[in-house]
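Enquirer:
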Amino acid sequence: MSDPSKAPGSPGPGQRIVEMGVALFILALGALAMIGSLRVGIGWGAEGPKSGFFPFWVGLIVVLASARNFWRAIAISPARLFAEWGQIAQVRKVVIPMAIYVALVPFFGIYVASALLIAGFMRWLGRYGWLLTLAVAILLPILIYVTFEDWFLVPLPKGPLEDWLGL
Amino acid sequence: MEGIADLLHGFGVVLSWTNFVYMLIGIMLGVIIGVLPGLGGANGIAILLPLTFSMPPTSAIILLSCIYWGALFGGAITSILFNIPGEPWSVATTFDGHPMAQKGQAGEALTAAFTSSFVGALFAVIVITLAAPLVAKFALQFGPAEKFSVFFLAFCSFVGMGKEPPSKTVAAMMLGFALAAVGTDTVTGGLRLTFGSTELLSGFDFLVAVIGLFGIGEILLTMEEGLSFKGKATGINPTVVWQTWKMLPRYWMTSLRSCVIGCWMGITPAGATPASFMSYGIAKRSSKDGEKFGTGEIEGVVAPETAAHAAGTSALLPMLALGVPGSPTAAVLLGGLLIWGLQPGPLLFVEQKDFVWGLIASMYLGNIVGLVIVLTMVPVFAAILRVPFAIVAPIILVICAIGAYTVHNNTFDVIMMLVFGVAGYFLKKCNYPLAPMVLAIVLGDKAEEAFRQSLLLSGGKVTVFWSSPLVSAIMALGLIALFWGGISKGLNRVFARRRAAPL
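Below is the structure:
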């Protein structure tokens, strides 16, 4: 991972820049906690310490620790790779379908969205034939339906298809 | 002997048919969860927790704790056969376990791993049986200041004992506390840190965080590494098991030492992972075959597995007796107690005898049943890993999403799960520890409550945390743990100088 390759065109994002970004992101969240705490009051009220008292100091520690992490991140060798572009592409292949899936769930229900996610994965990443893909993609949501709705009596989000089927 | 009577009573509770079936289901599910990438003890339990809301608490905890034992066993299968640690605490098992499998001794390695796991767990359960009631009785006298000091000690241990840089541990942990604070203030009932968003009114649920951080995050890491599961064949049969069992007593010293290390690391919340590494390292240094470690020594399998299980099991001691979990999985179980309407902590031993002793009895039985199941069914579990990742991954993602949804029947939680998942991927890659963060999300409200109550009682003086010998002692221990990195470095230097001087 740490081999300094001097080839033109970087093989992937550097660990340094990512760590700096992560430190800054956490620092921002800490600052946000402090701002939110200031709004509800961080002092001493009728009921003892006010609501913002504890999160304010917590936020301050987050900010201080993140500042230190940022400082340490600067010292990381620029040659150290976070991951290769190919690896990042692999991760994207999960994150993007998952983001679409999460966006679809409120509108189409979890069963239809799950069927699409499984089918997409198997066709796109696994390069399986349509027959197997459709079999798994359709049977698994049915299995989930039976397990959750009939067995555990836990209702899961449904969409137009379930309405049409009258479930 | 009141303890023995209580324990026997506990066995009576467990040995009902329904509870025994739950135990079997729990172990099987647990091993599968431990074998699959992206599903581990903590988030497997987090996903199933909402399904137990309607169950009697004792059955629910038996089911869930057996999933935990199963997951602990399952990690060893993937480590030895596939050289892929299914759980972080089984990384050290790959060092000698996989070379043994390559030499065709997979059966021996698995038998050694499962048996040592069992020994480690049994040792820890005995420690729990003997020590937990005493700790609980002692902790009954705790006021808010003492309670806060125990939380302080637990969190400081993460900073000092963790292998991550202290500033990263602190940042991750305090971020967890900040996330826990979002939503309703449990003391005054007022809202805070929601920034006008209605979705944040109920705050961040730790179950969603666990499923995201450990489940989705783990899948992303697995994708990045582009794993192809190429496993070794298993040749496990009664003869191999018997032969290995005859060899194992030779390593009783390693075993005992690993038990003690494991229990210590599990109770102080350092956790199973460092316990397994430490135990492996010490076994390597003190064994006469030390230089052969890493090439397939059975002792190198015994040491980390014993310690990991001892730690994983003993992590439940502080959770039961003090309400402070020693590991993320124990934290999820603690969250479960709260949901079932039980107040974790010392009062549990007084008010919920059936529950506590039923759980402790199920630890004994669960580990015996678990040992039998894994020894007989390894090929079945190994076959699960041969299902291609392109099929397994979306199914795990769907299961995680359902788990996140069922926490509050809310699709916003599914979105939060994905956010936590991506965050978990980056945090893990940047060497931020996730365990203290999860513990902080679970315990945030309780720690804050104890802190504010203490200040309220003292009229705002911070000196309340140094007001009695007990509080002062725990706080001092906390500070030692917090600065342990620096202290141990200093001690080493002193000892090194002393050793160098006479020469």
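Here the protein sequences line up with chains H and U, keeping their order.
Per this note's numbering, the first sequence starts with residue 320, numbered consecutively.
Per this note's numbering, the second sequence starts with residue 38, numbered consecutively.
Built from N, CA and C at the ideal position, the CB exists for glycine as well.
The structure presented is a predicted model; accordingly, all values stated were derived computationally and were not measured.
(1) Could you tell me whether the Cβ atoms of U/ALA398 and U/VAL51 are closer together than 9 Å?
(2) Okay, do the region 107-123 of chain U and the region 67-85 of chain U touch, 3+ Cβ pairs below 8 Å being the bar?
(3) For U/ASP222, which residues in chain H fall below 7 Å Cβ to Cβ?
(4) Examine chain U for any beta-carbon lying closer than 9 Å to the beta-carbon of H/ARG399, and answer yes or no.
(5) Tell me which residues share the same chain as U/VAL278 and place their Cβ nearer than 7 Å to its Cβ, disregarding the 5 neighbours each side in the sequence.
(6) List the residues that DSSP assigns as beta-bridge partners of H/TRP363.
(7) So which residues of chain C does H/SER329 contact, with C-beta pairs closer than 7 Å?
(8) Sorted by chain position, which residues of the same chain lie with C-beta nearer than 7 Å to H/GLY478's C-beta, five sequence neighbours on each side aside?
(9) Output needed in chain order: residues of the region 422-445 of chain H with a Cβ under 7 Å from some Cβ in chain U.
(10) Can you give me the Cβ contacts of H/SER321 inside the same chain, cut-off strictly under 8 Å, excluding the 5 residues immediately before and after it?
(11) Would a check of beta-carbon distances place U/THR55 closer than 9 Å to chain H?
(12) Kindly list the residues whose CB is nearer than 7 Å to the CB of U/MET210, restricted to its own chain and excluding five residues on each side of it in sequence; keep chain order.
(13) Check U/ARG229 in the structure and name its three-state DSSP category.
(14) For chain U, is any of its Cβ atoms less than 9 Å away from the one on H/GLU468?
(15) Any idea if H/TRP443 is buried or exposed, counting beta-carbon neighbours within 10 angstroms, 16 or more meaning buried?
(16) Suppose you measure from the CA of H/LEU560 to the CA of U/LYS174; what does that come to, to the nearest Å?
(17) Does the beta carbon of U/TYR59 sit closer than 9 Å to a beta carbon anywhere in chain H?
(18) Would U/TYR288 and U/GLU342 qualify as a contact pair, given that the criterion is a beta-carbon distance under 9 Å?
(19) Does the beta-carbon distance from U/ALA309 to U/ALA348 come in below 9 Å?
(20) Indicate whether at least one CB of chain U lies closer than 9 Å to the CB of H/ASP322.
(21) So H/PRO476 and U/THR448 are supposed to be a Cβ contact under 8 Å. How far apart are they, rounded?
(22) What first and last residue would you give for the alpha helix (DSSP H) that runs through U/TYR469?
(23) Just tell me which of U/LEU516, U/LEU237, U/LEU177 has its CA closest to the CA of U/PHE386.
(24) Are any of the Cβ atoms in chain H nearer than 9 Å to that of U/ILE256?
(25) So, is U/ASP482 buried or exposed, given that buried needs 16 or more other C-beta atoms within 10 angstroms?
(26) Quick check: the region 402-412 of chain H against the region 507-515 of chain U, are at least 3 beta-carbon pairs closer than 8 Å?
(27) Decide if U/ARG229 is buried, meaning its Cβ has at least 16 other Cβ atoms within 10 Å, or exposed.
(28) Going by beta-carbon coordinates alone, are U/PHE232 and H/GLY360 separated by less than 9 Å?
(29) How many Å lie between U/THR152 and U/PHE330 at the Cα?
(30) Which complete alpha helix (DSSP H) runs does the region 93-181 of chain U hold, if anything under 4 residues is left out?
(31) Name the chain H residues whose beta carbon is nearer than 7 Å to that of U/THR448?
(32) Suppose the cutoff is 8 Å on Cβ atoms and the five residues either side in sequence are ignored; what does the same chain contact list for H/LEU379 look like?
(33) Return the chain-ordered list of same chain residues with a C-beta closer than 8 Å to the C-beta of H/PRO327, the five sequence neighbours on each side being excluded.
(34) Just the chain H side, please: which residues come within less than 7 Å of U/ARG207 by C-beta, in chain order?
(35) Rounded to the nearest angstrom, what separates U/LEU19 and U/VAL499 at their Cα positions?
(36) I need the boundaries of the alpha helix (DSSP H) containing U/TRP289, first residue and last residue.
Expert: Result, derived from the coordinates:
(1) yes
(2) yes
(3) SER370
(4) no
(5) THR148, LEU412
(6) H/PRO368
(7) Of the protein chains in this structure, namely H and U, none is chain C.
(8) PHE426, PHE427, GLY428, VAL431
(9) VAL424, PRO425, ILE429, SER433, LEU436, ILE437, PHE440, MET441, LEU444, GLY445
(10) In this prediction, H/SER321 has a pLDDT of 41, which is less than 50 and means its spatial position is unreliable; nothing more can be read from the coordinates.
(11) no
(12) PHE192, PHE195, PRO473, MET474, ALA477
(13) strand
(14) no
(15) exposed
(16) The question about residue 560 of chain H has no answer, for chain H in this structure spans 320 to 486.
(17) no
(18) no
(19) yes
(20) Confidence at H/ASP322 is low in this model, with a pLDDT of 43, below 50, so the placement of that residue is unreliable and no value is reported for it.
(21) 6 Å
(22) That residue, U/TYR469, is in no alpha helix (DSSP H); it is neither H nor E in DSSP.
(23) U/LEU177
(24) yes
(25) buried
(26) no
(27) buried
(28) no
(29) 19 Å
(30) 94-119, 128-139, 143-176
(31) VAL424, PRO425, PRO476
(32) GLY349, MET353
(33) Below a pLDDT of 50, predicted positions are generally treated as unreliable, and H/PRO327, at 47, falls in that range; no measurement from the model is reported.
(34) Before going further, note that residue 207 of chain U is Val rather than Arg in the sequence given. Within chain H, the residues near U/VAL207 are ILE380, ALA384.
(35) The structure shown does not extend to residue 19 of chain U, since chain U is modelled only from 38 to 540, so the question has no answer here.
(36) 289-304
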